[in-house]
């Protein structure tokens, strides 16, 4: 990934997500909310699974960078 995701920006963009959430639901939420392009690209790289918390999403993003 060319740009690193700012975890604070990630938290601000996903502050209203209801967990657990699938990758597909997360992408739909992000696109509807108009999240930052860097965050959206990072979310598209996530493995297709259920995420229980924002921490789960953050860890998955950090491990894919």
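Numbering (the numbering used here), first residue to last: 1246 to 1310. For each residue, glycine too, the CB sits at the ideal point set by N, CA and C.
In three-state terms, what does DSSP make of residue i?
i	result
residue 1264	coil
residue 1256	helix
residue 1304	helix
If I'm right that residue i touches residue j with Cβ under 8 Å, what's the distance once you round it to whole angstroms?
i	j	result
residue 1291	residue 1275	Not really, about 11 Å apart at Cβ, beyond 8 Å.
residue 1272	residue 1302	That belief does not hold up - the Cβ atoms of residue 1272 and residue 1302 are roughly 11 Å apart, past 8 Å.
residue 1250	residue 1283	6 Å
residue 1295	residue 1253	Wrong, their Cβ atoms sit about 24 Å apart, outside the cutoff.
Considering only the beta carbon of each residue, do residue i and residue j sit closer than 9 Å?
i	j	result
residue 1304	residue 1264	no
residue 1299	residue 1256	yes
residue 1269	residue 1293	yes
What are the partner residues of residue i, as DSSP defines its beta bridges?
i	result
residue 1296	1266
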